[in-house]
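Novice:
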Amino acid sequence: LFDMFQIPVQNLDNIRRSRKKVKGILVDIGLDSCQELLQTLKSFDPGEKYFSSTSWNDVSHWDNVTKRKRYRTNPYCCSLCKFSSKFLNSFKNHLTRYHEDEMDQEIVVPCPECSFASQSKIVGKHLRMFHSKKKIQNYSVSGGMRQFRNDAVNFVCQKCQFTDMLY
Numbered sequence: 011l012f013d014m015f016q017i018p019v020q021n022l023d024n025i026r027r028s029r030k031k032v033k034g035i036l037v038d039i040g041l042d043s044c045q046e047l048l049q050t051l052k053s054f055d056p057g058e059k060y061f062s063s064t065s066w067n068d069v070s071h072w073d074n075v076t077k078r079k080r081y082r083t084n085p086y087c088c089s090l091c092k093f094s095s096k097f098l099n100s101f102k103n104h105l106t107r108y109h110e111d112e113m114d115q116e117i118v119v120p121c122p123e124c125s126f127a128s129q130s131k132i133v134g135k136h137l138r139m140f141h142s143k144k145k146i147q148n149y150s151v152s153g154g155m156r157q158f159r160n161d162a163v164n165f166v167c168q169k170c171q172f173t174d175m176l177y
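In our numbering, the protein residues as written are 11 to 177.
Now the structure itself:
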């Protein structure tokens, strides 16, 4: 069979020298633009008028509000409060302890394809988004070809065996 090999690089020292030159040029360009910006900022002086008219309510400490958090670090999240858990049993215990009156709103249905569990509507959306197989089939209707999607998912309740199409 064919042997995989890499052609040896010639003039490696020249390549490294040219990279250093290019890097030096880019640093000089960036340094020049930063120095120009610094000069324009130094020349700008708003004066005491703006400082005196500023109320301290307008100026606040920087708070990292935009810090992004990972979406769904735990698979079981309570929609009635901020509780989330990695385990289904601890989620069910939370519901019985803290939301006994609203338990019907938080009936958990597991996804048949993965470990996700939530309310039946949300599991239906989850199935359509992550587990549907988008198959397009052709069928003929009076001389023409039509297409339809075959990605509907059949939902079955594990307690009462209720079935429904989720699409």
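The beta carbon of each residue, even a glycine, is placed where N, CA and C say it ideally should be.
#1: Going by DSSP, what residue range makes up the alpha helix (DSSP H) through C167?
#2: Thinking S95 and Y86 are a contact (beta carbons under 8 Å), I'd like their distance in whole angstroms, please.
#3: Is the Cβ-Cβ distance between C88 and H104 less than 8 Å?
#4: So is G134 buried or exposed if we call it buried at 16+ other beta carbons inside 10 Å?
#5: With D111 as the anchor, note down where its alpha helix (DSSP H) starts and where it stops.
#6: Can you find the residues in the same chain that come closer than 7 Å, C-beta to C-beta, to C121, ignoring five residues on each side of it along the sequence?
#7: Looking at L90: is its Cβ nearer than 8 Å to the Cβ of E112?
#8: In whole angstroms, what separates the C-alpha of K102 from that of Q171?
#9: Using three-state DSSP, classify T83 as helix, strand or coil.
#10: Starting from V119, follow its DSSP beta bridges and name the residues at the other end.
#11: Starting from Q49, trace the alpha helix (DSSP H) both ways and give me its first and last residue.
#12: How long is the line joining the alpha carbons of N21 and N84, rounded to whole angstroms?
#13: So what does DSSP say about S89, is it helix, strand or coil?
#14: What is the DSSP secondary structure of S94, reduced to helix, strand or coil?
Specialist: In terms of the structure at hand:
#1: In the sequence shown, residue 167 corresponds to position 157, counting from 1. Careful: C167 lies outside any alpha helix (DSSP H) and carries neither H nor E.
#2: As a position in the sequence shown, residue 95 is number 85, starting the count at 1. As a position in the sequence shown, residue 86 is number 76, starting the count at 1. Going by Cβ atoms, the distance from S95 to Y86 rounds to 5 Å, so yes, they are a contact pair.
#3: As a position in the sequence shown, residue 88 is number 78, starting the count at 1. As a position in the sequence shown, residue 104 is number 94, starting the count at 1. Going by C-beta atoms, C88 is nearer than 8 Å to H104.
#4: As a working mapping, residue 134 is identified with position 124 in the sequence shown. When all chains shown are included, G134 counts as buried.
#5: Here residue 111 refers to the residue found at position 101 of the sequence shown. Segment: none, D111 is in no alpha helix (DSSP H) and carries neither H nor E.
#6: Mapped onto the sequence shown, residue 121 falls at position 111. Cβ neighbours of C121 beyond the five flanking positions: A127, V133, H136 and L137.
#7: Along the sequence shown, one-based indexing puts residue 90 at 80. Along the sequence shown, one-based indexing puts residue 112 at 102. The answer is yes: Cβ separation under 8 Å.
#8: Here residue 102 corresponds to residue number 92 of the sequence shown, with the count starting at 1. Here residue 171 corresponds to residue number 161 of the sequence shown, with the count starting at 1. In a straight line, the C-alpha of K102 is about 21 Å away from that of Q171.
#9: Locating residue 83 in the sequence shown gives position 73, where the first residue counts as 1. Coil, per DSSP.
#10: Here residue 119 corresponds to residue number 109 of the sequence shown, with the count starting at 1. When beta bridges are read from the DSSP output, V119 appears opposite S128.
#11: By 1-based counting over the sequence shown, the position of residue 49 is 39. Its alpha helix (DSSP H) spans residues L22 to S53.
#12: Mapped onto the sequence shown, residue 21 falls at position 11. Mapped onto the sequence shown, residue 84 falls at position 74. Between N21 and N84, the C-alpha separation is close to 54 Å.
#13: Numbered from 1 along the sequence shown, position 79 holds the residue referred to as residue 89. Note: S89 maps to coil in three-state DSSP.
#14: If you number the sequence shown from 1, residue 94 lands on position 84. S94: strand per DSSP, three-state reduction.
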